[in-house]
Structures are given as C-alpha cells and as structure tokens.
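See structure below.
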Amino acid sequence: MVNELIPIRLSHLLSYSGVGAIVRGASGLVVVQDTRQWTDRQGVSAGKRIPYVERVRAALGLEEQLREPPVAKKLAKGQVDGTCVPATRFPSWIRCASCGSMYRWLWKDYQADDEPACRYQGCKRNPKLEQVTWVLVHPKGYLSDVPWHYLAHKDARDPSQRNCKVKNQLQLIERGYEDRILQCRACGTGTRFRGDERLNFGQGRMQPWTKDDSVPPIEQGQEGEQVLAQVLTINDTRVYAPIAESVLVIPPESRVRKGTVVDRLYRNSGDRSRIDEARTPLARKSAMNKLATAYRCSIEDIETALADLASGYPLYGENLTPGQLRENEFKAFLEVLPDQREDEDLVTYHKSEEWRHLGMSFELSTDEQEIVKSVRHLVRVDRLKAVKVFKGFTRLGGEETIPPDIVGTSDWLPAVELYGEGIFLALDESRLKVWEQTPAVVSRLNQLLPRFSESGRDAPNPLTTRFMLLHTLSHLLIRQIEFEGGYPAASLIERIYCANAPEPMAGILIHVAVPDIAGSLGGLAELSEPRRFLGILNRALEHSRWCSLDPVCSEHEGQGPGLLNRAACHGCALVPEPACEYGNTLLDRGFVKGDAANGLPSFFGIS
10 MVNELIPIRL
20 SHLLSYSGVG
30 AIVRGASGLV
40 VVQDTRQWTD
50 RQGVSAGKRI
60 PYVERVRAAL
70 GLEEQLREPP
80 VAKKLAKGQV
90 DGTCVPATRF
100 PSWIRCASCG
110 SMYRWLWKDY
120 QADDEPACRY
130 QGCKRNPKLE
140 QVTWVLVHPK
150 GYLSDVPWHY
160 LAHKDARDPS
170 QRNCKVKNQL
180 QLIERGYEDR
190 ILQCRACGTG
200 TRFRGDERLN
210 FGQGRMQPWT
220 KDDSVPPIEQ
230 GQEGEQVLAQ
240 VLTINDTRVY
250 APIAESVLVI
260 PPESRVRKGT
270 VVDRLYRNSG
280 DRSRIDEART
290 PLARKSAMNK
300 LATAYRCSIE
310 DIETALADLA
320 SGYPLYGENL
330 TPGQLRENEF
340 KAFLEVLPDQ
350 REDEDLVTYH
360 KSEEWRHLGM
370 SFELSTDEQE
380 IVKSVRHLVR
390 VDRLKAVKVF
400 KGFTRLGGEE
410 TIPPDIVGTS
420 DWLPAVELYG
430 EGIFLALDES
440 RLKVWEQTPA
450 VVSRLNQLLP
460 RFSESGRDAP
470 NPLTTRFMLL
480 HTLSHLLIRQ
490 IEFEGGYPAA
500 SLIERIYCAN
510 APEPMAGILI
520 HVAVPDIAGS
530 LGGLAELSEP
540 RRFLGILNRA
550 LEHSRWCSLD
560 PVCSEHEGQG
570 PGLLNRAACH
580 GCALVPEPAC
590 EYGNTLLDRG
600 FVKGDAANGL
610 PSFFGIS
C-alpha cells in the first residue's frame, strides 16, 4: 500500500499522538517512531532549534537542547514538501470481521489503494479486513503485537498441537460480549481469549519500529517474580501515557527584541563560528565585513553584538536555579514593567489598583466587598508564550519514563512554542494565613491526606489547604468563563501557583495557548477588567454553593479517581481533561463555599 500522510497538530504530537503512541489514520492504525528517525534526507535532525529557552531548560533541569518537530505539507499533486514524522503500521495483524481469520503483514502484497481481502475459502462474505485492536504492553515501556500463535497453542494437551508451526491458519471468533475463541485451523487447538492475558514479553524488539534495540534479558521482580507484560486494547489509557511539561517564557528572555543584530547572531551559530574560527585579525575583520554586508549593518554593530554575547546575552550572567519554575513565573506576573513593549512574549497590565478602588464602591454588596478584599493582585495578560516539552512516555503505569529517542542518548528533546493570553490573580496572603489555620479547615484536609499518600502522587508536594482552595477556585472560574466568555473549557488551561513559607504563593493563571504566533483574539484578557471579573468571580462562587447532585455531592467523603475529590463532580467542579493540571482530582467546594453547620469558614467570607 502507498504511504499515507496523516495530519497531526504540533501540540498533539507532544502529547497523546507523540512518540510511541498509536494513532488512527484514514487507512488504519500506526505507531509514531522515535526522534532518531525525525531526520531529513541527509540524516540530520529536521526540527528547528528553539532559541531563548535557557531559563526553561533550567527550570525543568534539562541539559538537552529543544527543537520543534519537523513540519511537512501535502502539495497539489500529492507530493510532500518538508520532512514528515515517520510512523509504522501497527498492529501488524489484521482480521476478517466475518470468519475471524487472521493475517500478518497481508497489505504488503497489495499495491496502491487496493484493500486486502479475506483469503479463507470458507468465508462467504469476504469483507474488508481490519487491524486487531489488542497489543502487548510491558511496564518497561515495550510494545509489541500480541503473540497470537503462542496464545492459541500454549494450553494444548496434544504434543503435536503444542509443536504446531503453522502461523497463517489462526482464527479469532467472537461469539458474544467478552466471549472470544482463538483457534488454529491447522491443528485444531483453541483457547478462550479474554483480552487481558499476562505473559512474558520475550526478548524481541523494544518497539514495533525498532530493529537494533532488543529487550534485555528478563528481570526479576522484588519478590523473585518476573515482571510480566499484559494484553490491552489500543484504547486503554495504560497503553500510552505521555510525559510533557509546559513552562512560560518570562523576562529577560521574553523581552528580547527580535530581528536585531545580536538576536540574529544569537540564533545563527554558523555565523558566529565563522568569526570565531578566523585565525588572524585580518581574517576576522574580513569575516565581520561579510557578515555586516549580509546583515545590512555596520561592523561596529557586529562588534557590539559580539560583546553582548560574550557578556552572557540574553541572561547576562543571571544565576538560574534548577527547579525554580513556578516561583519565577509568579514573580514575573507581580512585577510591573514601565517600559513594556507590545511585541514582547509576556505582556501584562496590572489591574490591582483599579480592583482595590472598586472594592471601596458603595454600589457593591457586602459579599462583593469581601470578594474584592480576598484578591490581592489582578493582572491582565495580553500576551504570553509557553514552551511545551515532550520528555517521554510510560506504559502500563510503569515508573520508568521512556525518552523520545527510546535509548536516552539524544542531545535534544521535541518541544513547541505556544502563544496566548490570560487572566492572573493572587489571593490576599494575610487573609489566607488566617483561614488556612482554622481548625475546621485543617481537619477537612487531614481526612484526605491518607488517600493522597496512598495514591503515589508526587504533585503537589505537599498537599495543603491553600492548594485545595486554589485548584477548586480555578475550576469554578474555568466553568464560569466558558459560560460567559464563550471559550470552550477544553481550550482553557489552568496554572496553579501555590507555596507556603519561606516564599508563599497563592495565584491562579487561566490562559489559552495555540501554536499560531498571532495568539488568540483577546477576548479572554478583556475579562480581567475589574468590574467584569468581579461579576465572573461572584457568580462562580454562587455556583459553588449548590450542585445539581447535592446533597450527595457536598456530603461525599471521597469520589473520583483514588477518591481524591470531596465535594466535586461533573455537575459542579470538573472540567475537560486538557484544562486541568491534576487529572480532575484534589477538588473540594467545601474549601470555597464553607460549611457553617460544621464550622468550616468560606475563605471569601460569603454567606
């Protein structure tokens, strides 16, 4: 069959359609190959290097460079311009929906758009063959076809059946829901196929597309038991779990002037190397002359730019502390930049003074005045840039992250730049400290902590009352913004800034992010105007008081995955998966609305 070009969004290529993921195309299922194969015809990595991400790399503790995935487009005559991300057709077994006959690699015998048909003479319908929907997955990240021949013969009693070598006479017959028989027509043996069998993975290929990367010898579990693989359907969430992380670009890198001489030199290592490799002053001057002509600037401009680079442009020696991700972003949102330009990658307008002035208005109700006092900072974010980095994936809940190149030797990671806008708010710290020390508030959190410890989750660390408050409030705002602003909740993204002493944080960023450098249309940022945002926040808090499933929801002591939610369900606080950083868990309206009957105060003082 001919190659198929499957369009995939760049942001999806760094998540559930990333390396190792099974993706559905028009003609069947494929698995995305690792980044070692993302090369042009000369074998060079095809993705462009992303500049100005030193702070991003430091925040994530990365030594690798960041590169965009290669991009290709289909031309009018079916030709492809650019470099495609390669994929392999997988699973390699196909099955007749009528008689259950199974074939492997049958499409290799067909040309162009011909579709393989069932070859079994006893099949009366000969319908279109379809790929099987089961795969074999190992916690170490390995992926393979189900060993159908082995499964069909492993329980055979007759030695001749156990030693059957015929592999093209298998049938998978479905007799009803979850009732399947896998049998061999050649020897007559058969067995029931449940679709969740556990067995040894073997020592074949690590992934369906790899040739030289073989599975190492079988390891023993902690108790001497072998770590087994499991048969799963391709739609099972345990088959593939991407590991990606997003970081916002903040000053000084967000303030870089694009198109300047120093910017062009910073981006072009080839131009810098030609000057650095000049062995004599005359050769250096000649190289600088050529570069000045190409850049249409003076030699003095080149010299100044080189001096800036030598001084550490764009960070100029600023000390980067690994892991200081949210802390630096939080500070950036609170900082007022008087000389801000609209073309910067982080453009903020502080509305905090207007917000506090609004709180002194006699037109506000008592509840509204309390709400204004509860929010210390309100910031309109007209422009932001996030860098999303794909760090790898896991399978079957394995602890080991499989890197994008599978073997962990690559010097780069795939990433994409996303642009958008948003709303940032920070709660009043002094008010928050009093609230979170209230015995009823502490007691409510303590009831959840044992389940959180048992879940094995490493974020947030530690789980606190202020996090529960911030996270639940974020979800309530997303739902209200969807209702009033017209933004689909799935397009909104939350970012929680939470920490106690010594540098406390209590902030929420709700934003959109798209690959288009133009960003979005500005509607979300406009919602941060104080009077309008007060209405949104007030109505969000009103909706927190009652759920369509109350009193059951409000009185729940544990619901959702791992029972990590309390008063939070689809009727009141859950949002689409892309919008939530924490898998729609660790939510509780009780911390927002309070519970007067049990002495639990509302942080916002609403009655």
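Just remember that our numbering sits 9 ahead of the position in the sequence shown, which is counted from 1. Glycine included, each C-beta is placed from N, C-alpha and C at the ideal position.
Taking C-beta atoms as the reference points, S464 and L318 fail to come closer than 8 Å. In the pairwise beta carbon analysis, the region 352-368 is classified as not touching the region 279-296: fewer than three pairs are separated by under 8 Å.
Under DSSP, the beta-bridge partners assigned to W421 are Q74. In the pairwise beta carbon analysis, the region 18-34 is classified as touching the region 243-253: at least three pairs are separated by under 8 Å. Counted as a single uninterrupted DSSP element, the alpha helix (DSSP H) harbouring H162 occupies residues 157-162. By DSSP's assignment, D90 forms a beta bridge with K82. Secondary structure note for A508: its beta strand (DSSP E) is the uninterrupted segment 502-508. Taking 8 Å as the cut-off, the Cβ atoms of L501 and I490 count as close. For Y275, the enclosing alpha helix (DSSP H) starts and ends at 270-276. The C-beta distance from H520 to R540 rounds to 21 Å, too long to fall under 8 Å, and the pair is not in contact. Secondary structure note for H480: its alpha helix (DSSP H) is the uninterrupted segment 474-494. For the pair L75 and G495, the Cα-to-Cα distance works out to about 34 Å.
Separation of T97 and E408 (C-alpha to C-alpha, rounded to the nearest whole angstrom) is 26 Å. Here DSSP, grouped into helix, strand and coil, assigns V390 to strand.
Per DSSP, Q170 is one residue of the alpha helix (DSSP H) stretching across 168-171. DSSP, read as helix, strand or coil, puts Y325 in coil.
Counted as a single uninterrupted DSSP element, the stretch harbouring G407 is not any beta strand (DSSP E), since DSSP gives it neither H nor E. Per DSSP, L19 is one residue of the alpha helix (DSSP H) stretching across 19-22. Our two residues, A316 and G268, have alpha carbons roughly 17 Å apart in a direct line. Going by beta carbons, C589 and L558 fall outside the 8 Å limit. Around the Cβ of Y325, a 10 Å sphere holds fewer than 16 other Cβ atoms; the residue is exposed. Beta-bridge analysis with DSSP links M111 to R104. Scanning Q192, I487, V450, L486 for the CA closest to the CA of A605 turns up V450. For the pair L237 and N209, the CB atoms are nearer than the 8 Å cut-off. In the DSSP secondary-structure assignment, G29 is not bridged to any residue. By the neighbour-count definition (other C-beta atoms within 10 Å, threshold 16), H147 is a buried residue. When DSSP reads this structure, V240 sits in a beta bridge with L145. N574 has Q568 as its beta-bridge partners, per DSSP.
Partner residues in a beta bridge of L334, as assigned by DSSP, do not exist.
A468 is classed as exposed because its beta carbon has fewer than 16 other beta carbons within 10 Å across all chains shown. Of L422, C105, M111, the smallest CA-CA separation from R58 is found for L422. In the pairwise beta carbon analysis, the region 389-407 is classified as touching the region 426-444: at least three pairs are separated by under 8 Å. For D154, no alpha helix (DSSP H) segment is defined; the enclosing uninterrupted segment is the beta strand (DSSP E) at 152-154. Assignment of P539 by DSSP, reduced to helix, strand and coil, places it in the helix class. Closest by C-alpha distance to A424, out of L69, G34, P16, G37, is L69. Excluding the 5 residues flanking it on each side, T200 has same chain C-beta neighbours closer than 7 Å at L160, A161, D164, L191, in chain order.
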